[in-house]
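Chains as they are written, first to last, in full-length UniProt numbering: chain A, 1 to 304; chain B, 1 to 360. For glycine and all other residues, C-beta sits at the position ideal for the given N, C-alpha and C. Because the structure is a prediction, the values reported are computed rather than measured.
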Amino acid sequence: MAPHHAHNPSKRRGADLSAYATLSVISIFCAIPFFWVLLASIDGNASLFLQWPRELTIDNYVRIFMQEDGTRWVLNSLFVVGTATLIVMVLAGLGGYALSRTRAWWKRPFLYTILLIRVLPTTALIVPLYKVLLTANNWLGGVLRAIFGNGPAREILKYVGFIDGYLGLILVLATMQLPLALWIMKTFFDTVPRDYEEAALMDGATMLQRIRRVLIPLALPGLGAAGLFAFISAWGDFLLPLILLSSPDLQTLPLGLFRAFLRVNTIDYGFLAALAFVYLLPAVIAFGFARRFLVQTFSGGVKG
Amino acid sequence: MAVIELKNVRKYYGALEVIKGVDIRVEDGEFAVFVGPSGCGKSTLLRMIAGLEGIDGGDFLLDGRRMNDIAPDKRGIAMVFQSYALYPHMSVAENIGFSLDLKKVPKATIRKEVEAIAEILQLTDYLDRRPAALSGGQRQRVAIGRAIIKKPAVILFDEPLSNLDASLRVQMRAELQRLHRDLKATVVYVTHDQVEAMTMADRIVVLKGGEVAQADAPIALYHRPDNAFVATFIGSPRMNLVPVTIARAADGKAEVTAARLGAIHIDDSAMPLPTGPAQLGVRPEHLRLAADADGDFDSEILVVERLGVETYLTIGSLDQPIMVRVEGDIAMRPGDRARFSIDRQSCHFFDMAGRALPRA
C-alpha cells in the first residue's frame, strides 16, 4: 500500500506539507526563547511573557554599559575565554601534529584517557580541583608577598593567581577544552599528507619555515574548528568562574547575569534580557566566522 | 655533472631489512628508471637518494662526494612527488617560486624565473590560479616547475604519472623525455609500469624484494633477462614460463620436453644446455600459428582476444595457460584447435631457482 501512495503526487504533496508543518512547529518552539530575549531587551515594559513591545527603547543596553559594570564583564569574559582559546589552539596544534605523526603504542590509550577529562562532569571534580588550586595559590601568594610585599602581591595575584585571579580560570578553562581540540587536530593532521612537509624540506625550508609557511596555513581550517568549539564551550561555562572568582573586578558576563537575577527587589526582565542578548552575541558571531572551517574540517580535510 | 653511485646501500625498518645491499650507478645526464612490483623498495631507494629517508648502511655518492649525511636541500636534488604535493594555499607562481623565496631571492628575480619556467611548461596563463583550479596534467607540470626552478643536477620522480588518465600519460611521457633532453639533468624515475620504463629509460633498474634483479638498457633486459623475474616483468603480455625436461637427443641437439606440448629439438652446440628439469621461457610474440603439416605442438584455444591489429590466444590448460600473440585479426573461437610453432632463437631457459641458463 505505502509504495503505491508514494507514487500518487497529491498524496506526496500532502506528506510534504505535514512534514514541513511539523518542522515549522519545532523551529518556532526552538526560536521563541531567542525571540523573547530580543523583544524583551528592547521593551520598556518587559515581562515574563512574550509580548510585542509597546514602546521601543535601548535603555536596558544603556544601563548595562553605563550604570552597571557591563563593559567590565564583557571585557573580562572576552579576555579569559579568548586567552584560554588561544592557549588551546596553540597546544592542540602542536600536540595534534605530534599525535598524528609519531608512531607509538601509547597513542590510542592516551587519546582515550584525555577524553575522560571531557566526559567527567566538572561539578564532580570541583572540590579536589579547588583544593589543588588553593594550595598552589597559597604557595604563589607566599612567594609573591616575600618578594614584593603585601600590597603589590595582591595586585599581581589578581592576574596570575589560581584562585580569584585570571590565570587560574584561564588554565582550567583551557584544560577542559584541550582534549576535544587535540582530537580534532590529530584527526585533521591525519588527513594532511606528509608530502607537503617533505616537499617543503626539499625546497630548503627550515623547521620554523615549514611550520609557518606550510603547516599553519594547511591546518587553519582545523584550528578554526577546534578554536570555535573551545571558545563556545568556555564562553558558556558558568560553574568555573562562579567557584574560582569572587572579586567584583574579575566578574565575567555569566556571573553578572546570574547576580542580576538574584537581586532582592523585583526582577527586571528587560535588563536581564538585554544582558542575555549581549552574552549570546559573541558565540553567534564566532560561529558565523568559523562555520566554513567547520564544514572543511568535518567533510574531508585539505584538498590539493 | 651528476653521477649517482649507490654502494652496498642498506635500509632497515626495525629488524626488517628493506634494502639489502644495493649497488647502482647512474651516469651523468642519464634517464634511469627504477621499476618493480609494489613493496620492492624502489620508492624507499628514491627517498634515500632525496635524503627523506636515512641510509643505514653503505654509501650514496654524488659525483664522488659522500651524501649520506647531507641535508636534503643541500644535495642539489629536486623531487616530484606522486601526489604532486602542491601547497593548496599558494598560487601556481608561489608554488613554483617557493624555494627561491625561502632563499630570500628578490621578488622581481623570482617573478622572472617563474615566468621563464612557466613558458617552458605552458603554464603562463595559470600562474595566478590555485592548484585546486588546475587539471591533473597542469598540476603535474607545476610540480615539475617547482623542481626545475632549483636548477638541480638530479631530478627524482616518484610515480609521477600514476594519477593521470591513459591518454594524458602518453602525452606526459613524451613531454618528460623532451624536458630531459633540454635540461640535461640526471633523472631517476620510479614506476611500477614497465611500459613507462621501457619507453623512457636509458637504463632500467629492476628491483625485487629490496635487491637489484638486473640493471641494463631496456632492450637488453627484453632480450637477455638474467632471471625469470626480470623475464616475466619486462614485456607485455608477460613471458610464458613452462616447466620442461632437457635431455640429449640422438642427433646431439637438446631435446626439450613439456607435458602436453610434446618435445622440440634445439641446436645448442655453441653452448650446451645442462640436462634435467628447467623452465622454458618464451614470449607470446615468439609463438606462431603453424600450417597443419609442420609446427611443434597443437592445443585447444581457451580464450580469444581480438584487438584488430593483433590477436591474443590463450592456449594450453587453465592451470598452465600459454599466451600467444598473433599479428592481425584472427577469426578463431574458444574450443577450436590449432597448431603452433616456437621460434627457437628466442627461447630462454631458466634453472629451477629462476636463474637464466646461458645461451650463445
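The C-beta separation of residue 273/B from residue 246/B comes to about 5 Å, placing the pair in contact by the 8 Å criterion. Annotation for residue 159/A: no beta strand (DSSP E) segment contains it, though the alpha helix (DSSP H) segment containing it runs 150–160. Only those residues of the region 194–214 of chain A whose C-beta falls short of 7 Å from the nearest C-beta of chain B are listed: 195, 196, 198, 199, 201, 202, 203, 204, 205, 209 and 214.
Per DSSP, the beta-bridge partners of residue 282/B are 240/B.
Non-local beta-carbon contacts of residue 210/B in its own chain, meaning distances under 6 Å to residues more than five positions away in sequence, involve 18, 19, 20 and 41 in chain order. Excluding five sequence positions before and after residue 232/B, the CB atoms of its chain that fall closer than 6 Å to its own CB belong to 238 and 239, given in chain order.
Distances from the alpha-carbon of residue 128/A to those of 39/A, 172/A and 271/A put 172/A closest.
Of the residues 281/A, 270/A, 194/A and 239/A, the one whose Cα lies closest to the Cα of residue 102/A is 194/A. By the CB criterion at 8 Å, residue 149/B and residue 114/B fall inside the cutoff. Using a 10 angstroms sphere on the CB of residue 30/A, the tally of other CB atoms stays under 16, which defines it as exposed. In this structure residue 58/B is not in contact with residue 16/B, their Cβ atoms being roughly 17 Å apart against a cut-off of 8 Å.
At least one CB of chain A lies nearer than 8 Å to the CB of residue 83/B. The secondary-structure analysis by DSSP pairs residue 79/B across a beta bridge with 156/B.
In the same chain as residue 254/A, and ignoring 5 residues on each side of it, the C-beta atoms closer than 7 Å to its own belong to 238, 241 and 279, in chain order.
Residue 228/A is outside the set of residues whose beta carbon lies under 8 Å from a beta carbon in chain B. Residue 171/B and residue 234/B do not touch by the CB rule: their CB atoms are close to 23 Å apart, not below 8 Å. Comparing alpha carbon positions, the residue from 131/B, 35/B and 2/B closest to residue 218/B is 35/B.
The alpha-carbon of residue 334/B is positioned some 15 Å away from that of residue 326/B.
Within the region 140–210 of chain B, the runs of alpha helix (DSSP H) at least 4 residues long that lie entirely inside it are, in chain order, 166–183 and 194–200. At a cut-off of 8 Å between beta carbons, residue 189/B makes no contact with chain A.
Contiguous beta strand (DSSP E) elements confined to the region 130–218 of chain A do not occur, taking only those with 3 or more residues.
Under DSSP, residue 10/B takes part in a beta bridge, and its partners are 20/B and 57/B.
Linking residue 127/B to residue 91/B through their CA atoms gives a straight-line distance of about 7 Å. Cβ neighbours of residue 343/B within its own chain (closer than 6 Å, five residues either side excluded): 286.
DSSP, reduced to helix, strand and coil, places residue 3/B outside both helices and strands of the structure shown, so it counts as coil.
In the three-state scheme derived from DSSP, where H, G and I count as helix and E and B as strand, residue 80/A is classed as helix.
Nearest to residue 95/B by C-alpha distance, out of 130/B, 76/B and 339/B, is 130/B.
In the three-state scheme derived from DSSP, where H, G and I count as helix and E and B as strand, residue 251/A is classed as coil. Contact with chain A is absent for residue 166/B, since none of that chain's Cβ atoms lies less than 8 Å from the residue's Cβ. The beta carbon of residue 196/A sits closer than 7 Å to the beta carbons of 214 and 218 from its chain, once the five residues preceding and following it are set aside; these are given in chain order.
Secondary structure note for residue 310/B: its beta strand (DSSP E) is the uninterrupted segment 310–317. For a cut-off of 8 Å, the C-beta gap from residue 180/B to residue 31/B is around 5 Å, short enough to register as a contact. Listed in chain order, the non-local C-beta contacts of residue 91/A below 7 Å within the same chain comprise 178, local neighbours out to five positions each way being set aside. In the DSSP annotation of this structure, the continuous segment of the beta strand (DSSP E) that includes residue 265/B starts and ends at 262–266. Put simply, the backbone Cα of residue 22/B is about 35 Å away from that of residue 117/B. DSSP places residue 26/A inside the alpha helix (DSSP H), whose first and last residues are 9–41.
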